[in-house]
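K.L.:
Pasting a structure below so you can have a look.
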Amino acid sequence: MKNRKMFNKKYQRREFLKQSSLAAAGTFVAMGMTSSLFANNGNDAGLPAILGGQPIRTKGWPVWPQWNPETDEKRVIDDIRSGVWSRGALVTEFEEKWASAVGAKRSLVVVNGTNALITSLVQLNIGGGDEVLVPPYTFIATVAAVLATGAIPVFVDVDPETFQINPDKIEAKITSRTRAILPVHILGLPANMPRIMEIAKKHDLIVVEDACQAHLAEINHQKVGTFGHAGCFSFQNSKNLAIGEGGAIVSNDIEFMDRCYSYHNYGNPYGTLVGTVGAGTIMAGTKLRITEYQAAIGLAQLKRLDDQTTTRNVNAEYLKSKIKNIPGIIPYKLYDNVTRAAFHLFPFRYKKEDFKDLPRKEFLKALVAEGIPCSSGYQTINNMPFIGNAFQSKNFKRMYSEDLLNLNKYDEQNKCPVNDRLCNEEAIWISQNLLLGSKSDMDDIARAIGKIQTNADKIKSKL
Ligand SMILES: Cc1ncc(COP(=O)(O)O)c(C=O)c1O
4 MKNRKMFNKK
14 YQRREFLKQS
24 SLAAAGTFVA
34 MGMTSSLFAN
44 NGNDAGLPAI
54 LGGQPIRTKG
64 WPVWPQWNPE
74 TDEKRVIDDI
84 RSGVWSRGAL
94 VTEFEEKWAS
104 AVGAKRSLVV
114 VNGTNALITS
124 LVQLNIGGGD
134 EVLVPPYTFI
144 ATVAAVLATG
154 AIPVFVDVDP
164 ETFQINPDKI
174 EAKITSRTRA
184 ILPVHILGLP
194 ANMPRIMEIA
204 KKHDLIVVED
214 ACQAHLAEIN
224 HQKVGTFGHA
234 GCFSFQNSKN
244 LAIGEGGAIV
254 SNDIEFMDRC
264 YSYHNYGNPY
274 GTLVGTVGAG
284 TIMAGTKLRI
294 TEYQAAIGLA
304 QLKRLDDQTT
314 TRNVNAEYLK
324 SKIKNIPGII
334 PYKLYDNVTR
344 AAFHLFPFRY
354 KKEDFKDLPR
364 KEFLKALVAE
374 GIPCSSGYQT
384 INNMPFIGNA
394 FQSKNFKRMY
404 SEDLLNLNKY
414 DEQNKCPVND
424 RLCNEEAIWI
434 SQNLLLGSKS
444 DMDDIARAIG
454 KIQTNADKIK
464 SKL
């Protein structure tokens, strides 16, 4: 129980922070509701726990983030004692190791994924007057990053089977103002990069990959984040490589990476960006450096990322095989060329018509009561007020015509009905740390879903 309590406490806090500060994520149904008084009697067909029956599971789940004092702490403590806290050798080592882990020539570590995206876009000269194509099934930061540059996000609806941007719908959204595509490997499942790169090439568009949830995911054995001009990662606490806060840009374009480096360090000259001796700072930059002790934490986490990714893949595949034949449950699909996913989340679609019309939120409550933490995922982002807020800003009003900032027209042009259905009715997430459990843990998840399916009418009748 101790583990479970620890997990629940951390989990709730993390989700609370995520949701209260950035309202894009859906609500993870409250954890720890199941009573410790009940033991699992293995009777799947019994009364659902939400109706007072015995929960499938009373044990906890693997904690996140993981920390092993014996192997992880020495470098952090040595650094703290050394007093070298600002950017130095540890950050450089982490950058080199991250670049090598994803197979990119260079990596720059910055304060978070949001600023990795902003830096990449700005250094690829995207800004006022430009349009950037984005999927609506994403975290708010993807869209906020586009707005922060002064560009307008244009939404391309998603493929419901993969949850990713639908390549078939990209070209219809390209206008004379389109400068870039920002595909997101959402939930840690790869977007269809070969198709996206083909379209980008045809229309001469820049591609920045939001791989903030997709550490070590691969298409044809090539890591995501390395297909486009730049790839961006997040090391926020919930991510598969967790530092607390942190982010990275990866690219094979050395000059671009030098510009990003300068930008993250007040605009001071770096690498190919040497400037004139004595002329001082040459770029209008900002400051986005992480600390040495953050890098020491990142280096410790990086050591276990590959093994954890393998475990998540094995368990996700097994869990998928166990639930795919349950009526009303449609697990995620990976594109054929995906050789590895990151599974930041394990997603499936819920069809309430196969659950006696039991609303999704009641299904989620019933699943939580069985001891399985789960969530409805994202809310629709394409009509959130922050976009209108940006359009009302002084900068946007100076950069764009009234017509382009007409929110009714924008909303009309940015409708994404497939995404609306995913967000409002169908999507269900199980968090990555559950996938770090055992095969029998996956069996518990599958049995709990099956139990609710069997008892859907009973649950419905008590609403
Ligand atoms: C898809 C996506 N993009 C961008 C970000 C932003 O990363 P960060 O929280 O590190 O700024 C996140 C983080 O949650 C994310 O999930």
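Take the sequence shown: its position 160, counted from the start at 1, is 163 in our numbering, and no numbers get skipped. Glycine included, each C-beta is placed from N, C-alpha and C at the ideal position.
Does the distance between the C-beta of I189 and the nearest non-hydrogen atom of ligand 1 fall short of 7 Å?
P.N.:
Yes, the Cβ of I189 comes within 7 Å of a heavy atom of ligand 1.
K.L.:
Going by the DSSP bridge assignment, what does L276 pair with across the sheet?
P.N.:
Bridge partners of L276: Y273.
K.L.:
At a cut-off of 7 Å, is N422 close to ligand 1 when judged by its beta-carbon and the heavy atoms of the ligand?
P.N.:
For ligand 1, not one heavy atom lies less than 7 Å from the Cβ of N422.
K.L.:
V341: which of I333, M286, S378, H188 sits nearest, CA to CA?
P.N.:
When only C-alpha atoms are compared, the closest one is H188.
K.L.:
Would you mind reading off the limits of the alpha helix (DSSP H) that contains D446?
P.N.:
That run of the alpha helix (DSSP H) goes 442-457.
K.L.:
Is any non-hydrogen atom of ligand 1 found closer than 7 Å to the C-beta of G116, if you look at the structure I gave you?
P.N.:
Flag set: Cβ of G116 near ligand 1.
K.L.:
Kindly list the residues whose CB is nearer than 6 Å to the CB of C419, restricted to its own chain and excluding five residues on each side of it in sequence; keep chain order.
P.N.:
Around C419: P139, F158, D160, N385.
K.L.:
Considering only heavy atoms of ligand 1, does any lie closer than 7 Å to the CB of A459?
P.N.:
Checking the Cβ of A459 against ligand 1 gives no.
K.L.:
Within the stretch 326-388, note down every full alpha helix (DSSP H) run reaching 4 residues or more, in order along the chain.
P.N.:
Qualifying alpha helix (DSSP H) stretches, in chain order: 363-372.
K.L.:
Runs of 4 residues minimum, wholly inside the stretch 38-96: which ones carry the alpha helix (DSSP H) assignment?
P.N.:
Runs of the alpha helix (DSSP H) inside the stretch 38-96: 72-85.
K.L.:
Do A345 and G116 have their C-beta atoms closer together than 8 Å?
P.N.:
Cβ distance not < 8 Å, so A345 and G116 don't count as in contact.
K.L.:
Between S441 and the rest of its own chain, which residues show a CB-CB distance below 7 Å, the 5 nearest in sequence each way excluded?
P.N.:
The answer is none, since no qualifying residue turns up.
K.L.:
Can you give, in chain order, each stretch of the alpha helix (DSSP H) that sits fully within the stretch 169-223 and has at least 4 residues?
P.N.:
Complete alpha helix (DSSP H) runs here, min 4: 196-206.
K.L.:
Beta carbon of T383: closer than 7 Å to some heavy atom of ligand 1?
P.N.:
It does not: the Cβ of T383 is nowhere closer than 7 Å to a heavy atom of ligand 1.
K.L.:
When you measure from the CB of C263 to every non-hydrogen atom of ligand 1, does any distance come out below 7 Å?
P.N.:
No; taking the cut-off as 7 Å, the Cβ of C263 has no heavy atom of ligand 1 nearer than that.
K.L.:
Can you find the residues in the same chain that come closer than 6 Å, C-beta to C-beta, to L437, ignoring five residues on each side of it along the sequence?
P.N.:
Excluding residues within five positions, the ones whose Cβ falls inside 6 Å are W64.
K.L.:
R424 lies in the alpha helix (DSSP H); which residues open and close that run?
P.N.:
Its alpha helix (DSSP H) spans residues 420-424.
K.L.:
Between the alpha carbons of G380 and W432, how many angstroms are there, rounded?
P.N.:
When rounded, the distance between both Cα atoms is 6 Å.
K.L.:
Closer than 8 Å is the cut-off here; do at least three beta carbon pairs connect the stretch 117-133 with the stretch 148-156?
P.N.:
The stretch 117-133, when compared against the stretch 148-156, does touch it at the 8 Å Cβ threshold.
K.L.:
Tell me whether T145, by its Cβ, gets closer than 7 Å to a heavy atom of ligand 1.
P.N.:
T145 Cβ: within cutoff of ligand 1.
K.L.:
Does DSSP put V161 in a helix, a strand or coil?
P.N.:
V161: strand per DSSP, three-state reduction.
K.L.:
Taking only three categories from DSSP, how would you classify N268?
P.N.:
It is a strand residue.
K.L.:
With which residues is C235 paired in a DSSP beta bridge?
P.N.:
Partner(s): D213, I252.
K.L.:
Could you tell me the distance, in whole angstroms, from the CA atom of K538 to the CA atom of E73?
P.N.:
The question about residue 538 has no answer here: the residues shown for the chain are numbered 4 through 466.
K.L.:
Measure the CB-CB distance between E373 and L93 and report whether it falls below 8 Å.
P.N.:
Not in contact: E373 and L93 (Cβ atoms no closer than 8 Å).
K.L.:
Between which residues of its own chain and I390 is the CB-CB distance below 6 Å, once the five residues before and five after are set aside?
P.N.:
Cβ within range, chain order: n/a, list empty.
K.L.:
Just the Cα atoms here: how many angstroms apart are P197 and I173?
P.N.:
Roughly 13 Å separates the two Cα atoms.
K.L.:
Could you say which of Y264, A214, E365 lies nearest to R90 if we only look at CA atoms?
P.N.:
The residue with the shortest Cα to Cα distance from R90 is Y264.
K.L.:
Tell me whether Q239 counts as near ligand 1, meaning its Cβ is closer than 7 Å to at least one heavy atom of that ligand.
P.N.:
Indeed, a heavy atom of ligand 1 lies less than 7 Å from the Cβ.
K.L.:
Just to check my reading of the structure: P51 and A245 have Cβ atoms closer than 8 Å, yes? What is that Cβ distance to the nearest angstrom?
P.N.:
Between A245 and P51 the Cβ distance is about 34 Å, and since that is not below 8 Å, they are no contact.
K.L.:
So A251 and S110 are in contact, right, with Cβ under 8 Å, and what is the actual spacing, rounded?
P.N.:
Right, the Cβ-Cβ distance comes to about 5 Å (below 8 Å), so this counts as a contact.
K.L.:
Could you give the C-beta distance for I462 and L361, rounded to a whole number, given that I count them as a contact under 8 Å?
P.N.:
Confirmed, about 6 Å.
K.L.:
Compare the beta carbon distance of T178 and E134 with 8 Å and say whether it is the shorter of the two.
P.N.:
Taking 8 Å as the Cβ cut-off, T178 and E134 qualify as a contacting pair.
K.L.:
Assuming N195 contacts Q167 (C-beta within less than 8 Å), just tell me the rounded distance between them.
P.N.:
Contact holds; Cβ gap of about 7 Å.
K.L.:
May I ask you to report which of helix, strand or coil DSSP gives Q395?
P.N.:
Residue state, collapsed to three classes: coil.
K.L.:
Under 8 Å by Cβ, that's how I've got G120 and D256 pegged, so tell me the actual separation to the nearest angstrom.
P.N.:
The residue asked about is misnamed: residue 120 is Leu in this sequence, not Gly. L120 to D256, Cβ: 16 Å. No contact.
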